[in-house]
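Numbering follows the working numbering, with no gaps: position 148 of the sequence shown is 439.
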Amino acid sequence: MDPSNLKPYQQALFRDWFPVAIGDPGMLMGMFLCACRNLYIRTGLREYYWGTLQYKGGCLRYLAGSIATAPRMTQDRVKSIMWDATICTMLQLASDDLASGDSAAWKSHVDAVAHMVKLNGGLENVRGMNGFLRRMIEVLASKDRLKARNIASTGDNTAKLYTLDDLFGKCLFG
292 MDPSNLKPYQ
302 QALFRDWFPV
312 AIGDPGMLMG
322 MFLCACRNLY
332 IRTGLREYYW
342 GTLQYKGGCL
352 RYLAGSIATA
362 PRMTQDRVKS
372 IMWDATICTM
382 LQLASDDLAS
392 GDSAAWKSHV
402 DAVAHMVKLN
412 GGLENVRGMN
422 GFLRRMIEVL
432 ASKDRLKARN
442 IASTGDNTAK
452 LYTLDDLFGK
462 CLFG
């Protein structure tokens, strides 16, 4: 893959988000959840549905443990990275809720992200992943999140569910 062919948000995703995701158990389970959901939507095979349940359960258990320790964003970079990963895992669950058509769970996870940010002194304290995490949260908090709410899991637009080119292309770096 030639990096010069990537869109700006894709470059940020590979450069800033992906290295954290493969090193964090919650985010890694979130990636597997995304893959299983996408494969289930595309194929309808029950094995992938069971995978979504397995990885969603793993993400929820991970979040329960992470939130219980609730590290504050401090100068301690290790704690900050842990908190960034917790927020990202919550965003991954919100993405899965969107793909599965569960708008109530999606809203619950988005509201939880907003609460986590507030607990840590606001959005200005979210500095992880070279600003990529902050920008994702800003999109969710803006009016543009309504664009995501209107995406339905109908089979016609399953290709857009996980790329979300419209949302990320226009909102993150548009």
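Ideal placement from N, C-alpha and C gives every residue a C-beta, glycine not left out. Here the structure is a predicted model, which is why all the values come from computation and not from measurement.
Item checked: Three CB pairs or more closer than 8 Å across the region 323–334 and the region 401–421 -> no
Note to self: On the CB-based measure, 16 or more other CB atoms within 10 Å of its CB, does S357 come out buried or exposed?
What the structure shows: Locating residue 357 in the sequence shown gives position 66, where the first residue counts as 1. By the 10 Å Cβ count, S357 comes out buried.
Margin query: With H, G and I counted as helix, E and B as strand and the rest as coil, what does DSSP make of R426?
Written below: On the sequence shown, position 135 is the one that residue 426 refers to. In the structure shown, R426 sits in a helix (DSSP, three-state: H, G or I).
Next item on the list: Between the Cα of H476 and those of K298, T343, F305 and T377, spot the shortest distance and give me the residue it belongs to.
Entry: There is no way to answer for residue 476, as the model of the chain reaches only from 292 to 465.
Check: On the three-state DSSP scale, how would you describe G349?
Finding: The residue given as residue 349 occupies position 58 in the sequence shown. Looking at G349 - three-state DSSP - the assignment turns out to be helix.
Next item on the list: Take the Cβ of T343 as the centre, count every other Cβ of all protein chains shown within 10 Å, and call the residue buried at 16 or more, exposed below.
Entry: The residue given as residue 343 occupies position 52 in the sequence shown. With 16 or more Cβ atoms within 10 Å of its Cβ, T343 is classed as buried.
Next item on the list: Let me know the secondary structure DSSP gives I298 once reduced to three states.
Entry: Position 7 of the sequence shown, counting from 1, holds the residue named residue 298. The sequence as given places Lys at residue 298; Ile does not occur at that position. In the structure shown, K298 sits in coil (DSSP, three-state: anything other than H, G, I, E or B).
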